[in-house]
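Following: one structure in structure tokens, then a few remarks.
Residue numbers (my numbering), protein chains in the order written: chain A, 1 to 511; chain B, 1 to 175.
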């Protein structure tokens, strides 16, 4: 909100403010001590403003100060009268003790519009007495706490306060941070209060934007453009998918549109509607494997999905979701015939963030989802898909440790987009999913442990994906790379691969 | 310099040299959540839009937008207003109605840019909105399931109305 002044003007403003704040007078020249009450005034000066711009009466009252005893209260009243006569300025007064015991009085006057701080908030003229945080003070880093306290004893710097507010938002993701000011215990002193509001009980589904490269599978791209409205209560997302081969067994392109509301009457209740249309293409390995398999639904060329869901939050950590997912799969070999895969969707999820001393942060997340396609919804494919996931992350300073576990179980005839696969940029890194299970599987187990230091990470992945009539084979991989929350550059090595395959290189951004 | 007020409904216009000014009785905006925020020492930006129309709801002849930043001096208990843009102008020690009037006085359109003769009727739409008051300004945590929270929620529609307002008036003619 603050306007930027040209550099030259800002310098002039800074200089002017330095004068008006009287700080150099106080700090740089120890000999110029504050004048004591009752000292005889022998000089009156006005800085930054012409005395003759004031009314004759006020000029006379200021001039008559010479020879009168120094009175802080009386001088403040005169400064206040200057402001009332000239409402586009702020005025302060300083009394300096002279060597002969007399007082020198300086009226320091500046135009409000010459200073961005004052123009932004007139209370920037006052000295900050205290800085308080209303909310989870213990979750704020010591460095930020110290920086907040640096506001004390100085005039309010609204730009610095804005920066600190932004840092609070960064340290407390998902929480709203507001700032208010109130009167201090003495005239001319103010109290700054930063208010931290609880995290929303229902959160938006994070954007899935990514650009990922996998040396065996190629490029995958997704661009989600979220548009938030009405105080972040509602969000519309338009997404485009470019040859995403990273997520599923199929390679798909298309678009999706989603509307989410996380407050419907109450913050406990939210809803989401998603519509998507994708065109699929299939790897040779998948087509060959399908030709020799039975009981797996056919390939499709288009997937059209409409998925309305509602979410209820028990508290800020635990949420229950339910809805339906209606998908039409246009046959690849027998177009335009299609099959419906219509499922009830039920999920429960929970997460919690702990922030302790020494900048320790721990986050735990767990979820379970059931997708049940049954006759009642007019589904041609009847199946149930269970997926449980858990993740734990520990951060301390530059160190991060991550552990995650996923378990999946399918009964019935699930379409290929529902089948589990491992061996991409996030699971069994170092393996190619088409070497492990080109048709995916009905059972899945996967775990990861990863350690990062200064964004250089090492990991160990374990996983298996198999069908109900086949044996499970546990696979391992390890690797290292540069891993941040948004960027990764990874070299993964399969550990128990009987084939003579080398490491797999992966890189990408997720945002 | 000519000053010629013309009364039509809620708005009054006057011209000073080449500037068309508008005055709006009862067009208050220092109230509701804006007032609450100001009293808490926060600043509030208010964006105004003055539109000249050739017919009621008709084509736009000219439009101007101007933003202001308001704050409330906690110790003087008076309002300060700064006009955003160039050249910057600021004023303090104002009572609420004077602060509102000052904003409108600094909202002008050049008469020459309208291209109207004295007999040409025109209409004016005056609107404002408050762009940056988030939910935290009107909703305190922990009050969502209290009696006060319920009252707040029931009155939210009214509060949201306080964050934007528009008034149309006319016909006017240049003096």
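Glycine included, every Cβ here is placed at the ideal spot set by N, Cα and C. These numbers come from a predicted model, not from an experiment.
Excluding five sequence positions before and after residue 420(A), the CB atoms of its chain that fall closer than 6 Å to its own CB belong to 408, 440, 441, 444 and 465, given in chain order.
Within the stretch 68 to 87 of chain A, the residues whose Cβ lies closer than 8 Å to any Cβ of chain B are, in chain order, 80, 83, 84 and 87. The shortest CA-to-CA distance from residue 267(A) to any of 431(A), 315(A) and 308(A) is the one to 315(A).
Sequence-distant partners of residue 434(A) (beyond 5 residues in either direction) whose C-beta falls short of 6 Å from its own C-beta, in its chain, are 283 and 285.
Judged by pairs of C-beta atoms under 8 Å, the stretch 238 to 250 of chain A touches the stretch 218 to 225 of chain A, as three or more such pairs exist. DSSP places residue 331(A) in the strand class (E or B) of the three-state scheme. Taking a beta-carbon distance threshold of 7 Å, residue 42(B) counts as an interface residue toward chain A. Contact between residue 119(A) and residue 88(B) is confirmed by a C-beta separation of about 6 Å, below the 8 Å threshold. About 28 Å separates the CB atoms of residue 107(B) and residue 181(A); that is not less than 8 Å, and the two are not in contact. Residue-level contact check: residue 60(A) does not touch chain B, since none of the beta carbons of chain B fall below 7 Å from its beta carbon.
Contiguous beta strand (DSSP E) elements confined to the stretch 154 to 211 of chain A occur at 177 to 183 and 189 to 196, taking only those with 3 or more residues.
Annotation for residue 102(B): 81, 91 and 94 place their beta carbon closer than 7 Å to its own, counting only its chain and skipping 5 residues before and after. Less than 7 Å divides the Cβ of residue 158(A) from the Cβ of residue 121(A). Of all alpha-carbon atoms in 366(A), 456(A) and 348(A), the one lying nearest the alpha-carbon of residue 480(A) is that of 456(A).
DSSP places residue 244(A) inside the beta strand (DSSP E), whose first and last residues are 234 to 244. Residue 349(A) carries a strand assignment under DSSP once its states are collapsed to helix, strand and coil.
Interface annotation for the stretch 47 to 80 of chain B against chain A: 69, 71, 73, 74, 75 and 80, criterion Cβ-Cβ distance under 7 Å. Residue 292(A) sits in coil when the DSSP states are folded into three classes, being neither helix nor strand. The C-alpha of residue 342(A) lies about 25 Å from the C-alpha of residue 289(A).
Secondary structure of residue 118(B) (DSSP, three-state): coil. Chain-ordered, the chain A residues with CB closer than 8 Å to the CB of residue 89(B) read 88 and 113. Closest in C-alpha terms to residue 60(B), from the list 85(B), 70(B) and 122(B), comes 122(B).
Within chain A, the residues placing a beta-carbon under 9 Å from that of residue 94(B) are 87, ordered along the chain. Residue pairing of residue 129(A) in beta bridges, as defined by DSSP: absent, with no partner found. Chain-order list of chain B residues neighbouring residue 311(A): empty, with the shortest C-beta distance near 17 Å, by a criterion of under 8 Å. About 17 Å separates the Cβ atoms of residue 202(A) and residue 366(A), ruling out a contact at the 8 Å cut-off. The beta-carbon distance between residue 35(A) and residue 103(A), rounded to whole angstroms, is 4 Å. This is short enough to meet the 8 Å contact definition. Our two residues, residue 99(B) and residue 84(A), have alpha carbons roughly 14 Å apart in a direct line. Counting every other CB atom within 10 Å of its CB across the protein chains shown gives residue 71(B) a total of 16 or more, marking it as buried.
Under the 7 Å criterion on CB atoms, residue 122(A) is classed as interfacial with respect to chain B. Burial check for residue 323(A): the Cβ neighbour count within 10 Å reaches 16 or more, so the residue is buried. Looking at 18(B), 30(B) and 125(B), the one whose alpha-carbon comes closest to that of residue 54(B) is 125(B).
Residue 127(A) places its beta carbon less than 7 Å from that of residue 155(A). Secondary structure of residue 502(A) (DSSP, three-state): coil. Judged by DSSP in its simplified three-state form, residue 462(A) adopts strand. Comparing alpha carbon positions, the residue from 490(A), 41(A), 405(A) and 350(A) closest to residue 214(A) is 490(A).
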